[in-house]
Amino acid sequence: GRRDGGARGGGRRATHRFEYVKYWKPRGVTCTTDRKIRTNIIDELAYDGYAPKQRVYPVGRLDKDTSGLILITSDGRLPNSALRARNKRPKVYEAVVDRRVRERDLKALREGVVITTDVARNGQHRDHTAKTLPCEVERVDPYCLRMTLVEGRNRQVRKMTEAVNCRTIELHRMEFMGIGLDGLEGPGDWARLNSREMEIVREVLEGAAQEGGEEVEQ
């Protein structure tokens, strides 16, 4: 389903020529624009009623088995801008795990745990082993954690819970770049960004423009 918010921007960070949508990605949808992949996000959005007038793509990605918020845009500046270091805004996830979370697990996760993740740069893949940055972790219930991260390492939440001997069995992203799921009713729902959310987009674009030629984090 859909709802329109709508916003216009001006100046060198003009946004009015582009489309910006937030989407509650269901589990099983792949964050790719490759139409040969049956579960691709573009066909799934079309099935859910979104017919973009321009070529669109996701900002970042969620794993196929993760549900929740993903931004979709035709603005090619936004994916790279969102990844720049000064634009690192918290991402909020809820993880359902396979055993009760102990107080010492919470402490370890908050302070940082050592994980190994896959890093892709210039077409090359390598393992990166390092401690995660300190983060906020709340226990929603004995089997559910709410984690607020500023990093974006590959499969980070799953690897972090593994580090304290908890397997993540469901993962859901509630917030990205300061934009949440509010206004969306459930998996498959989408809406155009409202004026407040568009202000966040413009701030991110402006931050990246000021940063100039610095290397973008992958």
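In short: position in the sequence shown from 1, add 462, done, that's the numbering used here. For every residue, glycine included, the Cβ atom is placed at its ideal position computed from N, Cα and C. Remember, it's a predicted structure, so these values are computed and weren't measured experimentally.
Integer-rounded CB distance, given that residue j should sit under 8 Å from residue i
{"i": "Leu643", "j": "Gly530", "result": "7 Å"}
{"i": "Thr591", "j": "Gly574", "result": "No, Thr591 and Gly574 are not in contact; Cβ-Cβ is about 13 Å, not under 8 Å."}
{"i": "Leu570", "j": "Val626", "result": "Checking the displayed sequence, the identity of residue 570 turns out to be Ala instead of Leu. The Cβ separation is near 5 Å, so the contact holds."}
{"i": "Val602", "j": "Tyr555", "result": "Not confirmed; about 11 Å, so no contact."}
Delimiting residues of the alpha helix (DSSP H) encompassing residue i
{"i": "Trp586", "result": "Per the sequence presented here, residue 586 reads as Gln, with Trp not at that position. Not the alpha helix (DSSP H): Gln586 falls in the beta strand (DSSP E), residues 586 to 593."}
{"i": "Ala557", "result": "Ala557 -> not in any alpha helix (DSSP H); beta strand (DSSP E) instead, spanning 553 to 559."}
{"i": "Asp567", "result": "565 to 573"}
{"i": "Lys550", "result": "Lys550 -> no alpha helix (DSSP H), and no H or E assigned at all."}
Coarse secondary structure for residue i, derived from DSSP in three states
{"i": "Arg608", "result": "strand"}
{"i": "Gly473", "result": "Annotation note: pLDDT 48 at Gly473 (below 50); position unreliable, coordinate value reported separately. Gly473 falls in the helix class under three-state DSSP."}
{"i": "Met660", "result": "helix"}
{"i": "Glu673", "result": "helix"}
{"i": "Pro541", "result": "helix"}
{"i": "Gly467", "result": "Low confidence applies here, because Gly467 scores a pLDDT of 46, under 50, leaving its location unreliable and the question unanswered by this model."}
{"i": "Arg479", "result": "coil"}
{"i": "Ala653", "result": "strand"}
{"i": "Tyr509", "result": "helix"}
{"i": "Thr623", "result": "helix"}
Bridge partner(s) assigned by DSSP for residue i
{"i": "Lys487", "result": "Gly530"}
{"i": "Gly642", "result": "Glu637"}
{"i": "Ile577", "result": "Ala592"}
{"i": "Arg583", "result": "Gln586"}
{"i": "Thr630", "result": "Val559"}
{"i": "Pro520", "result": "Ile534"}
{"i": "Asn502", "result": "Thr492"}
Start-to-end residues for the beta strand (DSSP E) that takes in residue i
{"i": "Glu600", "result": "598 to 603"}
Residue-chain proximity (residue i, chain D), Cβ-Cβ < 8 Å
{"i": "Pro541", "result": "This model lacks chain D altogether, as it is built from one protein chain only."}
beta-carbon residue i near the ligand FAD non-hydrogen atom, thresh 7 Å
{"i": "Pro514", "result": "This structure lacks the ligand FAD; in fact it carries no ligand of any kind."}
Pair every Cβ in the region 582 to 589 with every Cβ in the region 540 to 555, then say whether three or more of these pairs are closer than 8 Å. no
Report yes or no: do the region 556 to 563 and the region 645 to 653 share at least 3 C-beta pairs separated by less than 8 Å? no
Counting pairs of beta carbons, one from the region 518 to 534 and one from the region 621 to 640, are three or more of them closer than 8 Å? yes
Decide yes or no for the touch test of the region 472 to 491 against the region 654 to 661: beta carbon pairs closer than 8 Å, at least 3 of them. yes
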